[in-house]
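Engineer: Terminal number for the sequence shown in this note's numbering: 346, no gaps in between.
Think of the CB as a built atom: it goes at the ideal place given N, C-alpha and C, for glycine as much as any other residue.
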Amino acid sequence: MDALVMCGGRGTRLGAVGDGSEKPLVEVGDIPMVDRVLDALAGSRVEGVHAVVSPHTPATARHLIGRDDLTVIEAPGNGYVSDLGYALERIDRPVLTVASDLPLLTAEVVDRALDAATGDTGDAVAADGAGVGTADGAAASLAVYVPVDRKREVGASVDERTTTVDGREVVPTGLNVVGDEDGEPVDESALVVAGEGLAVNANRPRDLRVAEALLHRQREGTEISPDHGDHP
115 MDALVMCGGR
125 GTRLGAVGDG
135 SEKPLVEVGD
145 IPMVDRVLDA
155 LAGSRVEGVH
165 AVVSPHTPAT
175 ARHLIGRDDL
185 TVIEAPGNGY
195 VSDLGYALER
205 IDRPVLTVAS
215 DLPLLTAEVV
225 DRALDAATGD
235 TGDAVAADGA
245 GVGTADGAAA
255 SLAVYVPVDR
265 KREVGASVDE
275 RTTTVDGREV
285 VPTGLNVVGD
295 EDGEPVDESA
305 LVVAGEGLAV
315 NANRPRDLRV
325 AEALLHRQRE
335 GTEISPDHGD
345 HP
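1) Using CA atoms only, rank isn't needed, just tell me which of Ala221, Leu289 and Pro261 is closest to Ala276.
2) Just tell me which of Gly157, Arg150, Val292 and Ser196 has its CA closest to the CA of Leu178.
3) If you follow the alpha helix (DSSP H) that Arg264 is in, where does it begin and where does it stop?
4) Do you know how far the Cα of Gly143 is from the Cα of Val258?
5) Closest by CA to Asn192, which one among Met120, Val292 and Ala308?
6) Kindly indicate which three-state DSSP category Asp56 falls into: helix, strand or coil?
7) Pick helix, strand or coil for Val272, following the three-state DSSP scheme.
8) Exposed or buried, which one is Glu348 when buried takes at least 16 other CB atoms within 10 Å?
9) On the criterion of 16 or more Cβ atoms from any shown chain inside 10 Å, does Thr171 qualify as buried, or is it exposed?
10) For my contact list, Ser138 and Thr174 are in at a C-beta cut-off of 8 Å; report their separation, rounded to the angstrom.
11) Does Pro286 come out as helix, strand or coil in the three-state DSSP assignment?
12) By a C-beta neighbour count over all protein chains shown, 10 Å radius and 16 as the cutoff for buried, is Gly233 buried or exposed?
13) Determine the DSSP secondary structure at Ala156, reduced to helix, strand or coil.
14) Assign Gly343 to buried or exposed, taking buried as 16 or more other Cβ atoms, counted over all protein chains shown, within 10 Å of its Cβ.
15) Can you tell me which residues form a DSSP beta bridge with Leu210?
16) Where does the unbroken beta strand (DSSP E) through Val279 begin, and where does it stop?
17) What is the DSSP secondary structure of Gly174, reduced to helix, strand or coil?
18) Hey, could you find the ends of the beta strand (DSSP E) Leu202 is sitting in?
19) So, at 8 Å on beta carbons, what are the nonlocal neighbours of Asp116 in its own chain, with the 5 sequence-adjacent residues on each side left out?
20) How would you call Glu310, buried or exposed, if buried means at least 16 neighbouring beta carbons within 10 angstroms?
21) Considering just the uninterrupted stretch of the alpha helix (DSSP H) at Ala325, what are its terminal residues?
22) Taking 7 Å as the cut-off, decide whether the C-beta atoms of Glu222 and Ala254 are in contact.
23) Going by beta-carbon coordinates alone, are Val324 and Val268 separated by less than 7 Å?
24) How long is the line joining the alpha carbons of Gly293 and Tyr194, rounded to whole angstroms?
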């Protein structure tokens, strides 16, 4: 399965931190966030990578164009959903989609999402809490969430778009699988991952500080909570 890395957003919520530096290129631990995401994908079972840029991120496009480990798709820049649809028309499904503002993403959680989408594990749940999967091993659409209490525990900002999955209050992480069914992509199942690696979407300055602190703790020998853990 290939991956789409969404790199075309304005990043306005970063405020002064993002002034003069496009969001995907903002550094966490001296490495641009988009490069951290690409490193996680490179260590996973993802087969090919497509970076989706826009007129809002010309420096990001220059940073990525010419790399031999990915292709660059130049979307119109009409918003995340619109640019995602534009990119999906140009590649085959199923495909993993990931936002470029997940600086703590790991290869392990990427592979877990792939396994859940293909029914190789019992992790994914439908709205009624039942396990889901496909009879022939084809990938179903999947949305990956993180518990709200985990985000609050690490100090990350909490998006207002909360929902409930299997009795837990959760928020989207920006990691999804768009399945190979016909028609418009619809999230058919949900995967809740409570590890700290998905708890930080770097949307605001405080999130960058949290990511830096977690990376520092990791370097000091206290590992980030395993991304395969289901509980805080």
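Structural biologist: This is what the structure gives:
1) One detail in the question is off: residue 276 reads as Thr in this sequence, not Ala. The residue from Ala221, Leu289 and Pro261 with its alpha-carbon nearest to that of Thr276 is Pro261.
2) Arg150
3) Val262 to Val268
4) Taking the straight line from one Cα to the other gives about 25 Å.
5) Checked all of Met120, Val292 and Ala308; the closest Cα to Asn192 is Met120.
6) With the chain running from 115 to 346 in the structure shown, residue 56 is simply not present.
7) coil
8) An answer regarding residue 348 cannot be provided, because it is not within the stretch 115 to 346 covered by the chain.
9) It is buried - the Cβ of Thr171 has at least 16 other Cβ atoms within 10 Å.
10) Here the sequence assigns Pro to residue 138, which means Ser is not the residue at that position. Sure, about 5 Å apart at Cβ, within 8 Å.
11) strand
12) buried
13) helix
14) Because the pLDDT of Gly343 is 43, which lies under 50, any placement of that residue in the model is unreliable, and the number read from its coordinates should be weighed accordingly. Looking at its Cβ environment, which holds fewer than 16 other Cβ atoms inside 10 Å, Gly343 is exposed.
15) Ala117 and Val291
16) Thr277 to Val279
17) The residue you asked about is not Gly; residue 174 is Thr in the sequence shown. For Thr174, the secondary structure class from DSSP, reduced to helix, strand or coil, is helix.
18) Not the beta strand (DSSP E): Leu202 falls in the alpha helix (DSSP H), residues Tyr194 to Leu202.
19) Result list for Asp116: Val160, Glu161, Gly162, Val163, His164, Ile205, Asp206, Val209 and Leu210, in chain order.
20) With at least 16 other beta carbons inside 10 angstroms of its own, Glu310 counts as buried.
21) Start and end: Pro319 to Arg333.
22) no
23) yes
24) 18 Å
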